[in-house]
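Numbering (mature numbering (1 follows the signal peptide of the UniProt record, and there is no 0)), first residue to last: -20 to -1, 1 to 147.
Glycine is no exception: its CB is placed at the ideal position from the N, C-alpha and C atoms.
Nothing here was measured: the structure is a model prediction, and the numbers come from that model.
A short worksheet on the structure shown next.
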C-alpha cells in the first residue's frame, strides 16, 4: 500500500495532472453569482460575495474589446474607409480586502472608448488625411473578467469569464 501511494504521488506531478491553482482552496460564492452580460456597447458584471478566502486580498479586472470603422478624409474631401485596430477599455476594483474571510466584489462595467481613441488607432494613407470615426459603427466585440489574488501572477481560473457580444 505504501509503495502504491509513493508511486502515485511521484507520477502525477510528472504527468502534469497536479497543476497548482493560485488562490485559496476553500473559496466559494456565498451570495449573488458571477455573471457578465453585454448591453449595447457596455459589458456589465454583477456583484457577488466570495467567502473562504481567509485574509487574501484580490483585484478584479473587466476588459472590453471594441472595434469601429474610421474614415480618412483628405483636404479635397476624398474618403478612404479604414477598419480601426481593436481598442480595449478596462475597469478594475483596485485591491479588495476581505472581511471575516469574505470578499465583496462590486458590480463592474466597461466604458465605451472615445472617438479620439479609435482615430488614434487608424492608419490613414498619409499625414494629410484626417481620421474621423464613422457614427454608429462602434461595437463591443468581447469581454474578459478576471479575479487575481494578491501574490498570484495569474488569475484565479474558477472566476474567469470570457464572452462574445452580439453585433
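Cα separation between residue i and residue j?
| i | j | result |
| --- | --- | --- |
| residue 6 | residue 16 | 23 Å |
| residue 14 | residue 138 | 10 Å |
| residue 80 | residue 134 | 24 Å |
| residue 116 | residue 91 | 16 Å |
| residue 4 | residue 93 | 35 Å |
| residue 95 | residue 42 | 21 Å |
| residue 136 | residue 33 | 12 Å |
| residue 130 | residue 113 | 40 Å |
| residue 107 | residue 65 | 18 Å |
| residue 78 | residue 72 | 16 Å |
| residue 25 | residue 132 | 22 Å |
| residue 18 | residue 29 | 22 Å |
| residue 1 | residue 57 | 57 Å |
Looking at the strands, I want to know which residues DSSP matches up with residue i.
| i | result |
| --- | --- |
| residue 51 | 61 and 112 |
| residue 129 | 38 |
| residue 142 | 124 |
| residue 46 | 67 and 120 |
Excluding the five sequence neighbours on either side, which residues of its own chain have a C-beta within less than 8 Å of the C-beta of residue i, listed in chain order?
| i | result |
| --- | --- |
| residue 119 | 21, 46, 47, 48, 145 and 147 |
| residue 74 | 39 |
| residue 27 | 12, 84, 85, 86 and 87 |
| residue 63 | 47, 49 and 50 |
| residue 97 | 67 |
| residue 76 | 37, 38, 39, 40, 83, 84 and 85 |
Mark residue i as exposed unless 16 or more other C-beta atoms lie within 10 angstroms of its C-beta, in which case mark it buried.
| i | result |
| --- | --- |
| residue 59 | exposed |
| residue 36 | buried |
| residue 61 | exposed |
Taking 6 Å as the limit between beta carbons, can you name the residues of its chain near residue i, skipping five residues before and five after?
| i | result |
| --- | --- |
| residue 111 | 50, 52, 99, 102 and 104 |
| residue 142 | 124 |
| residue 109 | 52 and 54 |
| residue 140 | 126 |
| residue 128 | 39 and 135 |
Using a Cβ-Cβ cutoff of less than 7 Å, which residues in the same chain neighbour residue i once the five nearest sequence positions on both sides are dropped?
| i | result |
| --- | --- |
| residue 31 | 8, 10, 81 and 82 |
| residue 44 | 23, 68, 69, 90, 120 and 123 |
Kindly say whether residue i, judged by its beta-carbon, lies nearer than 9 Å to any beta-carbon of chain D.
| i | result |
| --- | --- |
| residue 57 | Given the protein chain composition of this structure (a single chain), no chain D is represented. |
message: Give the list of continuous alpha helix (DSSP H) stretches no shorter than 4 residues that lie fully inside the stretch 14 to 41.
response: none
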